[in-house]
Amino acid sequence: MEPELIADYQCETGEGPLWHPMERRLYWADIPRGRLFRYDPATGEHEQFYEGEVVGGFTIQADGALLLFMARGAVAVLRDGTLDYVIDELPQERDGRFNDVAADPAGRVFCGTMPVDGRLGTLYRLDLDGSITPVVDGVDISNGIGFSPDERKMYYTESAARRIYLYDYDRGSGAIANRSVFLETPDDGTIPDGMTVDAEGYVWSARWNGSSLYRYTPDGTEERRVRFPAKKVSSAVFGGEDLMDIYVTTAGGQNKAEEGAGAGALFRLSLGIRGKPEFLSRVGL
């Protein structure tokens with residue numbers, strides 16, 4: 371099936387698509403330009419509803435608000451157009467930004483930062499009380515995070531290393547341990563980016579500079595790939611009332627001549643495969 375173009379805001383780095391289950395709308399971001407968008411599949415309407423500082427990633431809170439992960443290590447709740455800061459900044463991230471984030475089954479958030487000035491990034495865990503703890507250091511482009519259907523494993527993407535790791539995950543404490551390599555992608559100029567996990571436990575990984583979204587079996591075998599008219603396929607998430615649609619973001623919208631006609635756009639796939647809901651964050655609730 372050919373991907374269906376849903377909206378094209380010519381995003382520089384379209385990222386972080388999330389289905390909002392209470393609103394039944396799809397949200398996504400344009401990271402460097404601090405823009406946020408939403409799409410209502412019931413009406414076909416979409417809009418940019420926010421523009422501000424860099425937004426490296428976001429989660430949906432259990433009360434319906436958005437939790438934004440921004441530049442300088444700042445974290446803020448966005449509700450009715452107003453930002454309420456949970457963390458004003460992290461001193462060690464003052465020159466950097468968050469990149470990709472994901473709520474865990476208990477409502478904590480795993481949130482990674484980008485390398486800056488020769489210093490590698492860090493994966494943090496933001497707990498329900500707003501405290502933040504580094505859990506993985508020395509990360510070269512922190513990226514996609516997902517959880518197995520039994521909630522006992524966590525996937526974590528380190529893009530520049532071209533690897534998706536698999537950790538044992540403990541819901542009670544939020545601890546991760548016993549890292550192994552789930553997948554290493556070819557050294558061909560492409561890198562694994564955002565990801566999600568479907569109801570069967572298969573992993574969907576977007577391939578930056580690879581024009582594709584890949585589906586892998588739970589043992590890491592490629593099951594299929596879907597091509598897009600954009601080099602930089604950045605992330606994917608399941609959405610819709612029955613979680614049977616896959617929404618996919620792309621980047622490079624400022625240079626379509628080189629990056630592809632669909633660069634920077636949001637796409638939808640309907641492949642007859644059901645997703646599982648992404649978890650809601652519960653920070654401060």
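Read in the numbering used here, the sequence shown has 511 at position 141, and its numbers run on one by one without any break.
Note that CB positions come from ideal geometry on N, CA and C, so glycine has one too.
It should be emphasised that the depicted structure is a prediction, and the values quoted were computed from it without experimental measurement.
| Query | Result |
| --- | --- |
| Tyr617 - partner residues in DSSP beta bridges | Val607, Arg638 |
| Cα-Cα separation, Thr587 to Gly434 | 32 Å |
| contact_flag[the segment 618-625, the segment 436-445] where n(CB pairs < 8 Å) is 3 or more | no |
| Closest residue to Asp454 among Gln462, Asp470, Leu437 (Cα-Cα distance) | Leu437 |
| Ile401 beta carbon less than 9 Å from that of Arg467 | yes |
| Min CB distance Ser518 to chain C below 9 Å | Given the protein chain composition of this structure (a single chain), no chain C is represented. |
| Cβ contact check for the segment 539-556 and the segment 602-616: 3 or more pairs under 8 Å | no |
| Euclidean distance between Cα positions of Asn579 and Thr560 | 5 Å |
| Identity of the residue in Glu629, Leu460, Ala412, Ala399 nearest Leu636 by Cα | Ala399 |
| Distance CB(Ala569)-CB(Ile643) smaller than 9 Å | yes |
| Same chain, Cβ closer than 7 Å to Val509, neighbours up to 5 away in sequence not counted | Gly482, Leu490, Gly491, Thr492, Leu493, Glu528 |
| Entirely enclosed alpha helix (DSSP H) segments - the segment 525-609, minimum 4 residues | none |
| Distance, Met371 Cα to Thr566 Cα | 19 Å |
| Coarse secondary structure for Pro461, derived from DSSP in three states | helix |
| Glu628, DSSP secondary structure in three states | helix |
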